[in-house]
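As C-alpha cells, the structure follows; a few thoughts come after it.
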Amino acid sequence: MKKTYLLAFLILSSCYSFAQKKMTDISTQKKNIVVSNALTPSKHENTKGITIWQNDFSNSNDWAYDNTSSPFLDWTITTAADTIPVPALSPALFTSVGNGFAFINSDAQGQNGAQNSNMTYTGTINCTGYANVSLVFEQQYRTYLDTRIMRISNDGGLTWTDFIVTDGTEPTAQNSNNPDVFSINISSVAGNQANVKLQMNYQGNWGWYWAVDDIKIVETDNYDLKLQTTAWGTDGAFGARLPYYQVPIAQIAPINFGGVVKNIGVQDISDATFGAIINGVYTGTSAPSFIAASSLDTLWCATTFTPAAISAMHSVQLGVTTSQTEPDMTNNTMPNINIDVNNNIYARDKGTILGGIGNAGEGYEVGNMFDIFSQATLKGIDAYIHPTAAVGGEIFVKLYYNNVATGVFDFLDESLPYIITTADLGQKITLTLQTPQTLVANESYLAMVGSYGDGGVSNDLITATSGSSAPQTAFYYDYTDQTWYYTSSSPMVRMNFDPTLGLNENTAESEFSVYPNPSNNLVNIQFKNETDGMIYIKNIAGQVVKTVKVNGLNNNISTQELSAGTYLITWMSKGKTSTSKLVIQH
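Set out below in C-alpha cells:
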C-alpha cells in the first residue's frame, strides 16, 4: 500500500466539496473510460399500418451524400455487420443487415474531428391519400454529445423540417438497443404530400456513430401510446428519487413508480394511465392524463408501495393504457423491475454486469449515494470487478458522509488494501471497513471503490456497472485532476450490513514492509516487532508458490526461482494475518 501517499491524501482531502457547483458527467471529459458488455439481441417489432415506402439500403444509387466535416467524412453503405466500433453493439442485428445499412463513424475521426454529414434519398416519395404518416426505422448508436436528425421535405428538397432523434443532451456513454426501432410522426410535413424527400443528418465532435437500416414511411395509427422508459425510486435525505434493486429490511421505505409515456399516434389522448402491478401485493395507477399527439409526459402512480419487512423478491409489471382502441400495444409495456428485499445488501445496480468504468490505469474512486431510513451499522462495502480489470491491481473501498450543512463529502473510513486476483475478475468482492460505522437515519452516505492506479501501465481497476443512474446521484473522483464528477452508468458498488463481517478477521496491515519492491533475486521482509510465523508467497491465481518460516525483525527471502510477475506475500502468526504485494523483475 502507498502509505505515505495515502496519509498525505487524507490530510489534504478528508472531505471533498460538491455543493458549490453541479458536477460534470465524467464520460464527457474522458470519452473511453466507460466500457460496455455485449447486449442481448432486441426483439424486432412489427411495422404498423400500411407501408407507403421502404428502403433497405441494398442500392447505393438511392442515396446522395454531402458534408462539411473536418476531416472529410461521408456516410457509407456497408454489409459488414461487425464494423460497429462498440463491441457491445457488434455485430449489427438489423432485419436486413445482409443487404446493407447506412453507417457513419465519428469515433474513427479522432479527438479533433468535427462531423456534419448528410445522406439524402435521391428519389421522391408520394404520400398522397395518407394524411397521417410516420417514419419508422431500425437504428443503433452510442451517445457522446452527438446529434442525429431525420429531415423531411415536401417540396423536393428546397426546404427541410428537422425531426430530432438525439440532440446531444442525452447521458453520455449509453448504448441503444440492437436494434432500436424508432418512430416519428411526420404528418405535419409529409401528410398528403406527393413530393416528399428524406435526409439523415449526423453531427459529432469525436462522437461515436450512427447506423440505420430498414427505413419506411407507414400510415400512422390514430391511437398509439408508447412507454418510453420507467421512472421509479424512493425519496430520502439526498433529495433525489433513488431506485434500489436490493433493499435491506431495515431500510424499507415507500417506493414510487412512474413512466415516461409518449403519444405516437395521430389523435390526442385524454386518459393515458400508467400502472404498476406486483401480483397479489400491490396495484398502483396514475391519474388519467391528457397527452397531445407527438408529445410525452411522466406519469406517476398515485399510491406508493412499501414492502413487508420480510425477505422477498418483488417483480413489478409496468404498462400504460387508454380507453381508446390501440391496434398495436406491443410498445405499451417494458420489462419487469425486480426488487429484492433482503437482510443485508443495499444496491442500486441491476445485478448483472453490463459494462464497466475505469481511468486507464490512473487513480480514481466511483460509487453510489444511499439514503438511510433507519440507523444501522455498516461494516463493509461490496464491489464487482469487471472482467477486463488487471490482475494485481491494488484497490480499496471508502465511505463518505453527505454533509449538506457544509457542502462536502466527509471521509469516514476505508478498508485495508486488497489485491485483485484472477478469481476476482467478473466477481463480487466484499471489503471490510477498518472501523464499523454507525449510519444515522435521515442522512445519506456515499459508498465508493477505488484504486491509486499504476500510472497507466494496465487497466488497473475497472469497476463493473449495471444500468444507468440519474445525473448527480452516482459519483466519480478523478485523482489526476482531483475533481468530482458524476457518472450516468450505475456502479456495482453496494452497502453490506452483514453483522458477521470482520468477526473472524484479526488483521495487521502494517506488521511488515517489503523491500526492494520490485525485487530481483532477493527480498527483505522487515517486521515492526520481534515476531515469528510463516510467510506464504502466492501467485495471482491464489496458488502458494513458496513457504518460509520467519522470526526476528529482518528476514531475507530468495525469489530467484520465481518467475517475473506479481505476487501476494501473506504473513500468519498466532491468528494474525497481514498481506502485501510483491513485484518480481528478473
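Residues are numbered in this note's numbering as their position in the sequence shown, beginning at 1, plus a constant of 5. The beta carbon of each residue, even a glycine, is placed where N, CA and C say it ideally should be.
One or two residues paired with residue i in a DSSP bridge
i: TRP211; result: For TRP211, which the question treats as bridged, DSSP gives no partner whatsoever.
i: ASP172; result: THR152
i: ASP160; result: According to DSSP, which records beta bridges pairwise, ASP160 is partnered with nothing at all.
i: SER456; result: TYR369 and ILE400
i: MET334; result: Paired residue(s): none; MET334 is not in a bridge.
i: TRP58; result: ILE222
i: LYS551; result: ILE542
i: ILE342; result: VAL321
i: THR384; result: Reading the sequence as shown, one finds Lys at residue 384 and not Thr. Looking at the DSSP assignment, LYS384 forms no beta bridge with any residue, so it has no partner.
i: TYR351; result: MET500
i: ILE254; result: For ILE254, which the question treats as bridged, DSSP gives no partner whatsoever.
i: LEU421; result: In DSSP, LEU421 forms no bridge with anything.
Buried versus exposed call for residue i [16 or more other C-beta atoms within 10 Å across all chains shown]
i: TYR405; result: buried
i: THR133; result: exposed
i: ASP354; result: buried
i: PHE295; result: exposed
i: PHE77; result: exposed
i: PRO340; result: exposed
i: GLN251; result: buried
i: SER456; result: buried
i: GLU143; result: buried
i: ASN197; result: exposed
i: LEU558; result: exposed
i: ILE3; result: This structure leaves residue 3 out entirely; the chain is present only between 6 and 591.
Euclidean distance between Cα positions of residue i and residue j
i: THR3; j: GLN34; result: The structure shown has nothing for residue 3, since the chain only spans 6 to 591.
i: ASN123; j: ASN110; result: 13 Å
i: MET374; j: PHE517; result: 35 Å
i: ILE574; j: GLY385; result: 23 Å
i: PRO526; j: TYR450; result: Correcting the residue type first, residue 526 is Asn in the shown sequence and not Pro. Straight-line Cα distance between these residues: approximately 46 Å.
i: LYS543; j: VAL550; result: 6 Å
i: MET6; j: ILE362; result: Note that MET6 has pLDDT 31, beneath the 50 cutoff, so the model's placement of it is unreliable and no number is given.
i: PHE23; j: GLY285; result: Since pLDDT at PHE23 reaches only 44, below the 50 mark, its modelled position is unreliable, and no value is offered.
i: THR552; j: GLU419; result: 30 Å
i: VAL371; j: ASP465; result: 14 Å
i: ALA85; j: THR309; result: 48 Å
i: ALA93; j: SER563; result: 46 Å
i: VAL402; j: TYR481; result: 13 Å
i: THR29; j: GLY398; result: 27 Å
i: PHE187; j: LYS221; result: 11 Å
i: LEU417; j: GLU448; result: 14 Å
i: VAL325; j: GLY366; result: 45 Å
i: GLN439; j: ALA446; result: 22 Å
i: ARG246; j: THR478; result: 9 Å
i: ALA113; j: ASN121; result: 14 Å
i: VAL223; j: GLN59; result: 9 Å
i: SER74; j: ASN522; result: 51 Å
i: ASN182; j: THR234; result: 13 Å
i: ILE400; j: ILE424; result: 6 Å
i: ASP302; j: ALA314; result: 33 Å
i: ASN104; j: ASP71; result: 23 Å
Cβ shell of residue i (< 7 Å), same chain only, five flanking positions each side left out
i: ILE189; result: SER139, LEU140, MET155 and PHE168
i: GLY360; result: VAL39, VAL40, SER41, ASN42, THR470 and SER494
i: MET500; result: TYR351, PHE375, LEU383, ILE386 and ALA452
i: THR338; result: LEU232, LEU323 and GLY324
Closer than 9 Å to chain D by CB, residue i
i: ILE274; result: Protein chain content of the structure displayed is limited to a single chain, and chain D is not contained in it.
Residues near residue i in its chain [Cβ-Cβ closer than 8 Å; skip 5 each side]
i: ALA307; result: GLY289, THR290, SER291 and ALA292
i: GLY162; result: THR125, LYS202 and GLN204
i: THR152; result: ILE169, THR171, ASP172, GLY173, ASN206, TYR207, GLN208 and GLY209
i: LEU567; result: ILE542, VAL550, LYS551 and ILE589
i: SER578; result: THR536, ASP537, GLY538 and MET539
Own chain partners of residue i with C-beta closer than 6 Å, once the 5 adjacent residues on each side are dropped
i: ALA178; result: SER32 and VAL39
i: ILE282; result: THR288 and GLN322
i: LYS231; result: LYS267, ILE269 and ASN336
i: ILE467; result: GLY361, GLY363, HIS391, THR393 and ALA394
i: ARG147; result: VAL91, ASN180 and TRP213
i: ASN560; result: ILE530
i: SER585; result: VAL519 and ILE574
i: PRO476; result: TYR491
Supposed close pair residue i, residue j - CB separation, criterion 8 Å
i: LEU98; j: PRO184; result: 6 Å
i: LEU383; j: GLN442; result: 5 Å
i: LEU587; j: VAL528; result: 6 Å
i: PHE106; j: ILE82; result: 7 Å
i: ALA258; j: GLY238; result: ALA258 to GLY238, Cβ: 10 Å. No contact.
i: ASP219; j: THR100; result: 5 Å
i: GLN272; j: ALA298; result: 6 Å
i: ASN137; j: VAL194; result: Going by Cβ atoms, the distance from ASN137 to VAL194 rounds to 12 Å, so no, they are not a contact pair.
i: PRO96; j: SER473; result: Wrong, their Cβ atoms sit about 24 Å apart, outside the cutoff.
i: GLN565; j: SER379; result: Not a contact, Cβ separation roughly 57 Å.
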